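This report concerns only the one structure given below.
In the working numbering, the protein residues as written are 5 to 459.
Structure, rendered in structure tokens:
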């Protein structure tokens, strides 16, 4: 499948950055080689990130850093290193990326998902977007600095983590809880899911930078009833009780709850699209504005409310036996400040015959969009795409920034990529035929280098 290279036709695409040509070659090669290391994480504890961690550590060591490998469970390996800055009084910056990926079924793909094939100017494979591309960018920048003698102003802590695609217990959670000393002085961090090209209506190129995340609330619902024969009347059927609760949860319309990050995103998007909107007004109609934003609405629509999506059901062992219990799982996501409402609503929706509990829970995050770090991200992107528009947004899901927030680290999503029109970045997360343009990687290295030098 031939695809137009990212940035083709853009005057800014070829603008020289601070990195040398070797870094541009390395970021492509590192992305491909990391993809070939299968670190599929099915959430069952069988993933082994160690080969990828050793690959990363070897390249960091070659750049003059002293990487440390850390494990909570055998084979679930994390890598941490620190680059000393020129200003010992400055706060440190955390740059983190995960090494695991979600599983992929080769039969569904155009190329083998762990081939790392480079075809028509595109690198193919699981992790090309989420997020071995960013891991490769970081390695390429650090090695370029070593060759050219560059030192950043702030200390930069690098963390390559295990287990992000599951609970993070073997990854960032383990590092934050058991090894906080490695992150001493870090006040801000950057990682995945931000600063990618989003093609909006009217030829606008947006670069959404994540300045927030909804909280994670994975739930287990249990309905109990009276077991019995399938041919008998049973008013205490656990399956029926569970099904009714799941249907109520799936049909529920959550009320609008706008956070400062989402309000800022809506205000900037409205201005860019020439739509008058007072996002601070108590009468503000967010759904009307979303309807006027065209494709850009997708950036904010999932984050203006809490959500709860039923995803798994389990009950019974034989068709003519009514079981005494039935279980469902729900993927809940909570906007910052929406935790109390979420719990109260779930109590009402499940009712008296169904209990619920958190199967996995993580905090919601917000980061200031008027901070110097955010301004530096904007400036770095605009340097290499002057016609691009940087906008804040809140992630609908979550990242390792949740765990690192326990250490007081404010997290942003900033893994820069320029992408051609029609290249649906968000659909490729956990999707089939995940891939990244070579020119997108080159842009990312240049932007990341400039940001890390100037922040």
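Where is the CB? At the ideal position from N, CA and C, for every residue including glycine.
Just so we're clear, the structure is a prediction, and the values are computed from it rather than from any experiment.
In the DSSP assignment, what are the bridge partners of residue 127?
Along the chain shown, read from residue 1 onward, the residue named residue 127 stands at position 123. Per DSSP, 122, 440.
Starting from residue 60 and walking both ways along the alpha helix (DSSP H), at which residues does that stretch end?
Within the chain shown, the letter at position 56 stands for residue 60. Per DSSP, residue 60 belongs to the alpha helix (DSSP H) from 54-65.
State the DSSP-derived secondary structure class of residue 403, mapped to helix, strand or coil.
Taking the first residue of the chain shown as position 1, residue 403 is located at position 399. Three-state DSSP puts residue 403 in coil, outside helix and strand.
Could you give the residue range of the beta strand (DSSP E) that holds residue 314?
As a working mapping, residue 314 is identified with position 310 in the chain shown. Residues 311-319.
Give the range of the beta strand (DSSP E) segment to which residue 216 is assigned.
In the chain shown, the residue the question calls residue 216 occupies position 212. Residue 216 -> beta strand (DSSP E) spans 209-217.
Can you tell me the Cβ-Cβ gap for residue 242 and residue 329, rounded? I've got them flagged as a contact below 8 Å.
Position 238 of the chain shown, counting from 1, holds the residue named residue 242. Position 325 of the chain shown, counting from 1, holds the residue named residue 329. Confirmed, Cβ separation roughly 5 Å.
Expressed to the nearest angstrom, what Euclidean distance is found between the alpha-carbon atoms of residue 468 and residue 290?
Lying before the first or after the last residue shown, residue 468 is absent from the chain, which here runs from 5 to 459.
By DSSP, does residue 361 sit in helix, in strand, or in coil?
For the purposes of this step, residue 361 is taken as residue 357 along the chain shown, with counting starting at 1. Note: residue 361 maps to strand in three-state DSSP.
Could you spell out the range, first to last residue, of the alpha helix (DSSP H) harbouring residue 415?
In the chain shown, counting from the first residue as 1, residue 415 sits at position 411. Residue 415 -> not in any alpha helix (DSSP H); beta strand (DSSP E) instead, spanning 414-417.
According to DSSP, what are the bridge partners of residue 224?
The count along the chain shown starts at 1 and reaches residue 224 at position 220. Beta-bridge pairing links residue 224 to 333, 361.
Please go through the same chain and pick out, in chain order, the residues whose beta-carbon is closer than 6 Å to the beta-carbon of residue 14, but skip the five residues on each side of it.
As a working note, residue 14 is residue 10 in the chain shown. Any reading at residue 14 needs caution, since the residue's pLDDT is 40, under 50, leaving its predicted position unreliable; the model's value is listed next. Excluding residues within five positions, none has a Cβ falling inside 6 Å.
Please say whether residue 422 and residue 201 have beta carbons closer to each other than 8 Å?
Position 197 of the chain shown, counted from the start, is the residue given in the question as residue 201. Position 418 of the chain shown, counted from the start, is the residue given in the question as residue 422. Yes, they are a contact pair.
Only counting the same chain, and skipping five residues up and downstream in sequence, which positions put a Cβ closer than 7 Å to that of residue 444?
What you label residue 444 is simply residue 440 of the chain shown in a count that begins at 1. The residues are 10, 421, 422, 423.
How far does the beta strand (DSSP E) with residue 36 in it reach, from first residue to last?
The residue you call residue 36 lines up with position 32 of the chain shown. First-last for residue 36: 25-40, but that is the alpha helix (DSSP H), not the beta strand (DSSP E).
Which value, in whole angstroms, describes the spacing of the CA atoms of residue 89 and residue 190?
Along the chain shown, one-based indexing puts residue 89 at 85. Along the chain shown, one-based indexing puts residue 190 at 186. So the alpha carbons of these two residues sit roughly 12 Å apart.
Between the C-alpha atoms of residue 257 and residue 340, what's the straight-line distance to the nearest angstrom?
Position 253 of the chain shown, counted from the start, is the residue given in the question as residue 257. Position 336 of the chain shown, counted from the start, is the residue given in the question as residue 340. Cα-Cα distance, rounded: 18 Å.
In this structure, how does DSSP classify residue 281 when only helix, strand and coil are distinguished?
Taking the first residue of the chain shown as position 1, residue 281 is located at position 277. Residue 281: coil per DSSP, three-state reduction.
When you compare only the Cα positions, how much space is there between residue 401 and residue 167?
Residue 401 sits at position 397 when you count from the first residue of the chain shown. Residue 167 sits at position 163 when you count from the first residue of the chain shown. Straight-line Cα distance between these residues: approximately 16 Å.
Who are the Cβ neighbours of residue 269 in its own chain at under 8 Å, not counting the five residues just before and after it?
For the purposes of this step, residue 269 is taken as the residue at position 265 of the chain shown. The answer, listed in chain order, is 212, 303, 304, 395, 396, 397, 398.
So, are the CB atoms of residue 485 and residue 58 less than 8 Å apart?
This structure cannot speak to residue 485, because the chain is shown only from 5 to 459.
In whole angstroms, what is the alpha-carbon distance linking residue 85 and residue 97?
Mapped onto the chain shown, residue 85 falls at position 81. Mapped onto the chain shown, residue 97 falls at position 93. Rounded to whole angstroms, residue 85 to residue 97 spans 12 Å at the Cα level.
Provide the residue(s) that pair with residue 385 in DSSP beta bridges, ordered along the chain.
Locating residue 385 in the chain shown gives position 381, where the first residue counts as 1. Paired residue(s): none; residue 385 is not in a bridge.
Which residues in the same chain have their Cβ closer than 6 Å to the Cβ of residue 19, if we skip the five residues on either side of it in sequence?
Residue numbering aside, residue 19 sits at position 15 when the chain shown is read from its first letter. Bear in mind that the predicted position of residue 19 carries a pLDDT of just 40, short of 50, making it unreliable; the figure below should be weighed with that in mind. Result list for residue 19: 388, in chain order.
Beta-carbon separation of residue 34 and residue 143 under 8 Å?
For this step, residue 34 is matched to residue 30 along the chain shown. For this step, residue 143 is matched to residue 139 along the chain shown. Yes, the pair counts as a contact, with Cβ atoms nearer than the cut-off.
Residue 226 and residue 119 - do their beta-carbons sit closer together than 8 Å?
Within the chain shown, residue 119 is the residue found at index 115, counting from 1. Within the chain shown, residue 226 is the residue found at index 222, counting from 1. Not in contact: residue 119 and residue 226 (Cβ atoms no closer than 8 Å).
Since residue 364 and residue 171 are thought to touch, with beta carbons under 8 Å apart, how far apart are those beta carbons, to the nearest angstrom?
By 1-based counting over the chain shown, the position of residue 364 is 360. By 1-based counting over the chain shown, the position of residue 171 is 167. At roughly 6 Å, the Cβ-Cβ gap stays under 8 Å, so residue 364 and residue 171 are in contact.
Mapping DSSP to helix, strand and coil, what is residue 187?
Residue numbering aside, residue 187 sits at position 183 when the chain shown is read from its first letter. Reduced to three states, the DSSP call for residue 187 is helix.
Less than 8 Å separating the beta-carbons of residue 315 and residue 333?
Counting from one through the chain shown, the residue named residue 315 turns up at place 311. Counting from one through the chain shown, the residue named residue 333 turns up at place 329. Yes, these two residues count as a Cβ contact at 8 Å.
Run the CB neighbour count on residue 114, radius 10 Å, all protein chains shown included, and call it buried at 16 or more, exposed below.
Counting from 1 along the chain shown, the entry for residue 114 is found at position 110. The residue is exposed, with fewer than 16 neighbouring Cβ atoms inside 10 Å.
Tell me whether residue 409 sits in a helix, a strand or coil according to DSSP, three-state version.
Here residue 409 is taken as the residue at index 405 of the chain shown, counted from 1. In this structure, residue 409 counts as helix in the three-state DSSP scheme.
Which residue from 44, 306, 32, 392 puts its Cα closest to that of residue 208?
Taking the first residue of the chain shown as position 1, residue 208 is located at position 204. Out of 44, 306, 32, 392, 392 has the C-alpha closest to the C-alpha of residue 208.
Can at least three beta-carbon pairs, one atom from the region 423-437 and one from the region 232-251, be found at a separation below 8 Å?
Judged by Cβ distances under 8 Å, the region 423-437 makes no contact with the region 232-251, as fewer than three pairs qualify.
Can you list, in chain order, the residues of its chain whose CB lies under 8 Å from that of residue 1, leaving out five sequence neighbours each side?
Outside the shown range of the chain (5 to 459) lies residue 1, about which nothing can therefore be said.
What residues match up with residue 370 in a beta bridge as DSSP calls it?
Looking up residue 370 in the chain shown gives position 366. DSSP output for residue 370 lists 216 as bridge partner(s).
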